[in-house]
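Undergrad:
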């Protein structure tokens, strides 16, 4: 992620990846630990998850296995690698200018399949990252919580709230506005990727399970297992 062309990809520029990597490099250089920057990036994200959970009153530990090594710019075939630039990332509510007729929620399912996520893991990761406020560009779309930055089940609680009426903002039906059913007051904004967890019967069943009393713990477990799975997808040394 720190090398060309990845560092210049739109999703990474808008998410401030370069600034984060620069800070992690400073921490790495100031540490006596023998750790690669690749490991530092994963460890930093895992610590961020733990901090977000703690802010919500949960004491959790995200498993971390070191052993990654760093590539160099000389190892990277820039022109070939450019074709891998992501045009969409549902988990961070990111979509470049629509260049395909495939609905955004279908692209989300495709990405989750490539990441080897189960449906409960996919659901927990998306809702949890919305609650944390991990959208590209700090967008508030889908951040269905009054306490962003905390790893909670608020996304699901507010998504299935029948007191909210959702309406599309334009004919494209890509972005929606949620208003209080009784007063008409605006409460939330969201994308069609967010709202599919309320409209699709199978996804809604999981959303309601996470939104129920005691559901936050179940959501947290699936979030962590999904997070670790994504972080270790390329760790073939761990899965022999």
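Numbering (the numbering used here), first residue to last: 39 to 278.
By construction, the Cβ of each residue, glycine as well, lies at the ideal position given by its N, Cα and C atoms.
1) Where are the alpha helix (DSSP H) runs, 4 residues long or more, that stay fully inside the stretch 154-196, in chain order?
2) For residue 228, name the three-state secondary structure that DSSP assigns.
3) Whole angstroms is fine: what's the gap from residue 170's alpha carbon to residue 89's?
4) Report all residues from its chain with a CB closer than 6 Å to the CB of residue 181; omit the five preceding and five following residues, and keep chain order.
5) Would you mind reading off the limits of the beta strand (DSSP E) that contains residue 202?
6) Per DSSP, what are the beta-bridge partners of residue 248 in this structure?
7) For residue 122, is the classification buried or exposed, using 16 other Cβ atoms within 10 angstroms of its Cβ as the cut-off for buried?
8) Where do the N-terminal and C-terminal ends of the beta strand (DSSP E) with residue 218 fall, by residue?
9) Secondary structure at residue 260, three-state DSSP: helix, strand or coil?
10) Are at least three pairs of beta-carbons, each pair with one atom in the stretch 262-271 and one in the stretch 90-110, less than 8 Å apart?
11) Answer with buried or exposed for residue 113, where buried requires no fewer than 16 other C-beta atoms within 10 angstroms of its C-beta.
12) Checking 8 Å against the spacing of the C-beta atoms, do residue 188 and residue 264 come in under that value?
13) In its own chain, which residues sit with a C-beta less than 8 Å from the C-beta of residue 141, not counting the 5 before and 5 after it?
14) For the alpha helix (DSSP H) containing residue 49, name the first residue and the last one.
15) In whole angstroms, what separates the C-alpha of residue 73 from that of residue 60?
16) Quick check: residue 193 and residue 165, are their CB atoms within less than 8 Å of each other?
17) Measure the CB-CB distance between residue 219 and residue 236 and report whether it falls below 8 Å.
TA: Taking the geometry as given:
1) 157-170
2) strand
3) If you draw a straight line from the Cα of residue 170 to the Cα of residue 89, it is about 10 Å long.
4) 168 and 171
5) 202-206
6) Residue 248 pairs with nothing; no bridge assigned.
7) exposed
8) Looking at the DSSP string, the run of the beta strand (DSSP E) that includes residue 218 is 213-218.
9) Residue 260 falls in the helix class under three-state DSSP.
10) yes
11) exposed
12) No Cβ-Cβ contact shorter than 8 Å links residue 188 with residue 264.
13) 230
14) Start and end: 48-52.
15) 15 Å
16) Yes. Within cutoff.
17) no
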